[in-house]
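So the sequence lines, in the order shown, correspond to chains A and B. Position one of the first sequence corresponds to residue 1 (my numbering), numbered consecutively onward. Position one of the second sequence corresponds to residue 291 (my numbering), numbered consecutively onward. Positions of the beta carbon are idealized from the N, C-alpha and C atoms, including for glycine. The block underneath contains the structure these notes are about, expressed in structure tokens.
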Amino acid sequence: MRDSRWHGRLALGLLLAPALLWLGALIVLPHVDLAVLSFRERTGPRVYTPSLAQYKTFFAEPLYWHVFVRTAIMSVIATFLTLLLAFPIAWIIAKLARGRAGSLLFIICLIPFWVSETVRTLGWMILLRESGVLPALLVKLGLTAVPVELLYRDATILVGLVYTSLLFMVVPLVSSLESLDNSLIEAAYDLGAGGFSILRTIVIPHAAPGITAGCIVVFMLTLGNYLTPTLLGGKNSQWFTEQIYTQFITRFNWEQGAAFGFLLLGLSTALVMLGLRASGQRFGDVMRRT
Amino acid sequence: MIPSLPRPAWLRTATAAYLIAFLAFLFLPLIVVAVFAFNDAPYPAPPWRGFTLDWFLGNSSSGRTGLFADSELLGSIWTSCIVAACVTVLSAIVGMTNAFLIERGRFPGKQVLSILMLAPLVIPGVILGISILAFASRVADFADDTLGLELDFLRPGLPLVVLGQFSYIATIATLTISARLRRFDRTLEEAALNLGASKAAVFRTILLPYLRPALLGSAAISFLMSFADFNTTLMLVGADTPLTVMMYGRMREGATPVLNAVSLFLMIASVVLALTLLRRGGSPRPKPDE
């Protein structure tokens, strides 16, 4: 008996070791270290003192917090647009397409996202740059006299971000809409409800968990995106992750970069919490749903 | 609205139009990338100047460096493959031990640990990258200062890239594998034990075959995600550049259609992998998942 208990402990220990090593050495300790970095200041060669200087710089320098706020606002807009664009397609997949057509359409919608973001962004660059496909088309159609540069605009960044995020919205929306019983909609219709009030009082409340899950994931990914804003926005992108990169890699100012990293992490965590609170859901459930 | 309710003609037309526009939006960037891989021009831009295979087969004699002669690009594909293979093996092992830990283990703090396991998915990749970079450097500096050890693998380079990608891909592997383990019928295991099988035999002959689809699925997803990762990799990369970082660098400079050629190759490879996986009944979704 005692022997088997000892075996159980050993097994538990062996299973626990990889998990603790992974989370401890790659997640928890690095973030603690990042926090320590962000709260110190270099006062001489290899001499550091604890200070709030990095955070002070962030608030004192308009460029930094402008970029921060801009990134947040653009991310919110991108999330909202993604939801708007993904909802009808999720509805078509979950409710309108019959039998195999639905799952086929679903797979077709997933395919582009198996290809890496770099490739998709390359596609957008070829489409939108001044010498690209769409400007040439606009000239041919007589809409513009000369090719216009469609890259390096805020709208372009938004298009790119929405495009990369679609999948993470469509998947949770489809699964939450599939579980909605059609007879509820039929009953509402028979009782005289119009399309809009059915949407507002039945569909949206039912799909709320899926909507929240999708919005949270999309917001997070957009906020932390680097590739799409820098390539499609060029020098005008002013994305916060770019600031982190500049501080960390280009300027080698790790203290400042760490503070920026923490601010971004704080913003992302705060909005995830807010979303969860607003919809009354638990973190674990949302992550499993998406 | 749903098919069982009357839908006015304008709504049907609008739905169809939306579907077509949506699919065009999804596939246009990919189609453009594929088409311009065959354009006989020095840049991936219109007009169409005729069909060529130069961007695949070209070598110094034709004056154009095609994909198969571009040793830098081929080298980065190989680098990406090595990194992805390491990440896949590590994630599969840790994903499996985590699945047993979460589904079978009973120990204090399990709830906290299982929430912590989800955390890597909500931390932006850039921040995972810088925190691991900073922490690894600190450990390396410490080893250098106190013990005089040169721990080169903790400096920016492929081992750190592997660790950085593994830090969040492990979560996805854990979720995929534990979702399947949760549905396992424990009476099968008990029956085998009652019939005198050893624990090792039960694991090898019953559990492992049962978990095989989830293991293969999570391996495929891990490989693809590692191959496509950009944010975390960018922060940790050293002298050897994986494909995404190499492509990014070239895209900023305005590259030749050889990038289209390599993208086409990536598209075909990932779609083939995705469709094989779908056929086998694994999860078709490429990211934070299941």
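With distances taken between CA atoms, B:Pro337 lies nearest to A:Lys140 out of A:Gln243, A:Lys140, A:Pro205 and A:Phe196. The beta carbon of B:Met515 sits closer than 6 Å to those of Ile459, all from its chain and outside the five residues before and after it, given in chain order. Taken through DSSP and simplified to helix, strand or coil, B:Glu480 comes out as helix. Taking C-alpha positions only, B:Phe432 is separated from B:Phe443 by approximately 14 Å.
Straight-line measurement puts the Cα of B:Ser488 at about 47 Å from the Cα of B:Leu524.
For B:Asn388, the closest Cβ of chain A is nearer than 8 Å.
In the DSSP assignment, A:Val47 is bridged to A:Gly44.
In the DSSP assignment, B:Asn329 forms a beta bridge with B:Phe341. Sequence-distant Cβ neighbours of A:Leu23 in its own chain, meaning closer than 7 Å and more than five residues away, do not exist here. Taking CB atoms only, A:Val119 has a neighbour in chain B less than 8 Å away. Within its own chain, the residues whose Cβ lies closer than 6 Å to the Cβ of B:Met386, once the five positions on either side in sequence are excluded, are Ile467, listed in chain order. Of the residues assessed, A:Glu61 falls on the exposed side of the cut-off, its CB having fewer than 16 other CB atoms within 10 angstroms. Rounded to the nearest whole angstrom, the CA to CA distance from A:Pro147 to A:Ile126 is 13 Å. For A:Glu178, there are no C-beta contacts with chain B under 7 Å, since the nearest C-beta of that chain is about 12 Å from it.
For B:Arg428, the chain A residues whose C-beta falls within less than 7 Å of its own C-beta are Asp33, listed in chain order.
The distance from the Cβ of B:Ser294 to that of A:Asn225 is about 41 Å, inconsistent with a contact at the 8 Å cut-off. Non-local C-beta neighbours of B:Leu380 in its own chain, meaning closer than 8 Å and more than five positions away in sequence, comprise Val452, Phe456 and Ala460, ordered along the chain. By the neighbour-count definition (other C-beta atoms within 10 Å, threshold 16), B:Asn349 is an exposed residue. The three-state secondary structure of B:Trp368, taken from DSSP, is helix.
In the structure shown, the three-state DSSP call for A:Ser116 is coil. Rounded to whole angstroms, the gap between the alpha carbons of B:Ser361 and B:Thr355 is 9 Å. Taking the Cα positions, A:Leu96 is about 49 Å away from A:Leu12. Residues of chain B with a Cβ closer than 8 Å to the Cβ of A:Met74 do not exist, since the nearest Cβ in that chain sits about 15 Å away. Distance between A:Ile204 and A:Ile92, taken at the CA atoms: about 15 Å. For the set A:Ala136, A:Tyr189, A:Cys215 and A:Arg98, the Cα lying nearest the Cα of A:Glu178 is the one of A:Arg98. Taking a 10 Å sphere around the C-beta of B:Glu480, we find fewer than 16 other C-beta atoms and assign the residue as exposed.
Just so you know, the alpha carbons of A:Phe68 and A:Thr212 end up roughly 23 Å apart. Here A:Met220 has Ser268 and Val272 as same chain residues with Cβ atoms under 7 Å from its own Cβ, once five neighbours each way along the sequence are excluded.
Under the three-state reduction of DSSP, B:Asp530 is assigned to coil, being neither helix nor strand. Residue environment for B:Phe397: exposed (fewer than 16 other C-beta atoms within 10 angstroms of its C-beta).
Cβ-Cβ distances below 8 Å link A:Leu227 to Glu117, Thr118 and Thr121 in the same chain, with the five nearest sequence neighbours on each side left out; the list follows chain order.
In this structure, DSSP gives A:Ala72 a helical state, which the three-state scheme calls helix. From the beta-carbon of B:Pro336, the residues of chain A found nearer than 8 Å are Ser131, Gly132, Val133 and Ala136. One Cα belongs to A:Arg40, the other to B:Leu423, and the distance between them is close to 17 Å.
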